[in-house]
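The sequence shown begins at 387 in this note's numbering and counts up one residue at a time.
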Amino acid sequence: MYFAISLYWLKLSMIRLAFLALLFQPLLVFSKGGGGGGGGKSGSRGGRSSFSGSPSSKSGSSSSWVFWYYGGCGNYCILTFSIVAFLILAIILLGIWKCVMRRKYYKNKVKSYESIDLESTMPTNNKIRSNTEMQYPPLPGTAPIIVAPPPAYTSISPAPEKSHLYGLRHEASHKAYKAAKQFTRENPPHEILPPQEHVEYILLSGLKAWEMIIPKERAIPSNIVNVSNKGLVISFHGKNDIMVQANYPHFRPQYDDNSSVQPSPASINSTTELMISSQSEKNYHKSSLLNNEYRLILDKTAEHWFYYFEVTILSNPKIKDTTIAIGLTTKPYPNFRLPGWNDHSVGYHSDDGNKFHNDGFGGRSYAETWGETGDTIGCGYYSDTGIVFFTKNGKSQGNAFTGLKHIWFPTIGADGECKVEVNFGDDEREFRYKEARGTSVAGPFRCILTHL
387 MYFAISLYWL KLSMIRLAFL ALLFQPLLVF SKGGGGGGGG KSGSRGGRSS
437 FSGSPSSKSG SSSSWVFWYY GGCGNYCILT FSIVAFLILA IILLGIWKCV
487 MRRKYYKNKV KSYESIDLES TMPTNNKIRS NTEMQYPPLP GTAPIIVAPP
537 PAYTSISPAP EKSHLYGLRH EASHKAYKAA KQFTRENPPH EILPPQEHVE
587 YILLSGLKAW EMIIPKERAI PSNIVNVSNK GLVISFHGKN DIMVQANYPH
637 FRPQYDDNSS VQPSPASINS TTELMISSQS EKNYHKSSLL NNEYRLILDK
687 TAEHWFYYFE VTILSNPKIK DTTIAIGLTT KPYPNFRLPG WNDHSVGYHS
737 DDGNKFHNDG FGGRSYAETW GETGDTIGCG YYSDTGIVFF TKNGKSQGNA
787 FTGLKHIWFP TIGADGECKV EVNFGDDERE FRYKEARGTS VAGPFRCILT
837 HL
């Protein structure tokens, strides 16, 4: 861009030069004549240039402004060409300098953005609050239980793929970037698994316990996004960048010694079958499942298993103007940022097919673009290796990241009008990715519902 500007100014300078040449043409000719008239004798003596202001000059009164000349060009001619040459050189040097500075600026832009974190320290939270209660609100009829958080985050090396400064379209503002950084400073990730009463509820309800919810950190009007069909259908209305998360993370519900719902000792083997009667339930919120006997099967023999969920595009009328993102985030997460944009998140974006991990810029090259109505995009996570991968219409797009061992929540985001449906792996709908059949958002679980 700056090269083009430099070229433009060069052309403009040449036009000015031509104009000045035409303007001073009579004077230049006169200076030649004046100098020649005044220096005729000296010219005959050696052909050297004469000083027009000397007493010997016969035309000194009419050519007193001529101090010197060279060949056929007088002082104004040489002065004009010198000024123009200086201006041209200055413009070229300015263009080169701007190009160098622009390159240096973008090379260090990530570092300069990260320096925002140093502008203010982590604010002190004077209010004593329970992170567990905020992240997993107590179920009706139960008392809150506080559990200790797992180990903290570990850093990993960046992915080797080419990093992009900009995405294909719809870049979020720098103001949103700073606001998200501030949000993370004030609300660091909790890394807390669901407490035991939630685990028991999940074991009673099965995979239907998972649903997408709108984060409560900030109130979001229904004309921006809403969730329906028991938390499985999300409608984005194209007002802003917005995301929704699952109410529970990827994890395998386990019993503890104090659980009121325990498996039968005879049924514990390579496959644990949990037969739970509705008579042993606590006063959880009403569910049609609680009128039946529910069997939750955990396959302990599965090798190299992973967590997985899929999202199907139900409608995307403005595909050229809409970016949809699927990924994993921690809680709390700023609801005005797509997955992958903010700290402690990963995402796969539809507009350019790039992958994102803690990346507020253009992401890294990854796979195919997507977003057509009917497209099904999946997200898988190996908890033992921290591998995150994505699929498109039943085909793996390859590993996106490795070494990301966090408590991840399935997350969907969009910046335009669209409607999507989530599949957490219940028996009613099979995954399009065949290798994921038999696993789920909770790992290799199977749910069997039988009437009493």
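Built from N, CA and C at the ideal position, the CB exists for glycine as well.
Hey, how far is the Cα of Phe-742 from the Cα of Ala-471? C-alpha separation (whole angstroms): 49 Å.
Would you call Asn-809 buried or exposed, if buried means 16 or more other Cβ atoms sit within 10 Å of its Cβ? Within 10 angstroms of the beta-carbon of Asn-809 lie 16 or more other beta-carbons, which makes it buried.
Please name the residue in Gly-766, Ile-793, Asp-770, His-792 whose C-alpha comes closest to that of Ala-786. Comparing C-alpha distances from Ala-786 to each of Gly-766, Ile-793, Asp-770, His-792 shows the shortest one belongs to Gly-766.
For Cys-765, write down the residues that DSSP places opposite it in a beta bridge. For Cys-765, which the question treats as bridged, DSSP gives the partners Phe-695, Phe-776.
When the Cα of Gly-772 is compared with those of Ile-798, Tyr-693, His-623, Lys-820, which residue comes out closest? Tyr-693
My output table needs one value for Tyr-734: the three-state DSSP class, helix, strand or coil. strand
Are the beta-carbon atoms of Thr-570 and Pro-720 separated by less than 9 Å? yes
DSSP three-state assignment for Lys-473, whether helix, strand or coil: In the sequence on display, residue 473 carries Leu and not Lys. Collapsing the DSSP output to three states places Leu-473 in a helix.
Counting pairs of beta carbons, one from the segment 749-764 and one from the segment 588-598, are three or more of them closer than 8 Å? Counting Cβ pairs under 8 Å, fewer than three are found: no touch.
Straight-line Cα distance separating Phe-795 from Glu-606: According to the sequence displayed, residue 606 carries Ile and not Glu. Pairing Ile-606 with Phe-795, the inter-Cα distance amounts to about 19 Å.
Would the segment 718-732 and the segment 568-582 be scored as touching if the rule is three or more Cβ pairs under 8 Å? Flag = yes, the segment 718-732 and the segment 568-582 touch.
Near Gly-802, which residues of its chain fall below 6 Å by C-beta distance, leaving aside the five closest residues on each side in sequence? Gly-624, Lys-704, Asp-707, Thr-708
Since Lys-564 is in the alpha helix (DSSP H), which residue starts that stretch and which ends it? 560-572
Evaluate Ile-475 with the Cβ neighbour count: other Cβ atoms within 10 Å of its Cβ, from every protein chain shown; 16 or more gives buried, anything less gives exposed. The question names Ile, but residue 475 is Leu in the sequence shown. Here Leu-475 is exposed: its Cβ has fewer than 16 other Cβ atoms, across all protein chains shown, within 10 Å.
Once the 5 residues before and after Ala-565 are set aside, which same chain residues still bring their CB inside 8 Å of it? Pro-720, Phe-722
Could you have a look at Val-827 and say whether DSSP puts it in helix, strand or coil? coil
Sorted by chain position, which residues of the same chain lie with C-beta nearer than 6 Å to Trp-483's C-beta, five sequence neighbours on each side aside? none
Let me check one thing: in DSSP terms, what residues is Lys-805 bridge-paired to? Ser-621, Ser-701
Residues bridged to Met-629 [DSSP beta-bridge criterion]: Gly-799
So for Lys-781, helix, strand or coil by DSSP? strand
Use the C-beta contact count for Lys-814: other C-beta atoms within 10 angstroms, 16 or more gives buried, fewer gives exposed. Per the sequence shown, the amino acid found at residue 814 is Glu instead of Lys. Exposed, since its Cβ has fewer than 16 Cβ neighbours within 10 Å.
Residue range of the alpha helix (DSSP H) that Ser-608 falls in? Careful: Ser-608 lies outside any alpha helix (DSSP H) and carries neither H nor E.
Using alpha carbons as the reference points, say which of Leu-590, Tyr-634, Pro-581 lies closest to Ile-599. Tyr-634
Could you please give the first and the last residue of the uninterrupted beta strand (DSSP E) stretch that includes Leu-589? Element bounds for Leu-589: not the beta strand (DSSP E) but the alpha helix (DSSP H), 582-591.
Just grab the DSSP bridge partners of Phe-787 for me. Partner(s): Val-774.
Nearest CA to the CA of Asp-729: which residue from Val-827, His-792, Ser-736, Thr-825? Cα-wise, what sits closest to Asp-729 is His-792.
Looking at Thr-825: is its Cβ nearer than 9 Å to the Cβ of Gly-760? no
The ligand NAP and Thr-825: does the residue's C-beta get closer than 8 Å to at least one heavy atom of that ligand? Of ligands this structure carries none, so the ligand NAP is not represented either.
CB-CB length for Phe-637 against Leu-579, believed under 8 Å: Confirmed, Cβ separation roughly 6 Å.
With 16 other CB atoms within 10 Å as the buried threshold, where does Asn-740 fall? buried
Three-way DSSP call (helix, strand, coil) for Thr-466 in this model: Helix.
Between which two residues does the beta strand (DSSP E) harbouring Thr-715 extend? 710-715
Top-ranked residue by Cα proximity to Gly-733, from Trp-691, Ser-769, Met-629, Cys-804: Met-629
On the CB-based measure, 16 or more other CB atoms within 10 Å of its CB, does Lys-778 come out buried or exposed? buried
Inspect the beta-carbon positions of Met-619 and Glu-816 and report whether they are closer than 9 Å. Looking at the sequence provided, one finds Val at residue 619 rather than Met. No, they are not a contact pair.
Starting from the Cα of Gln-640, find the closest Cα among Ala-800, Gly-784, Ser-701, Gln-582 and give me that residue. It is Gln-582.
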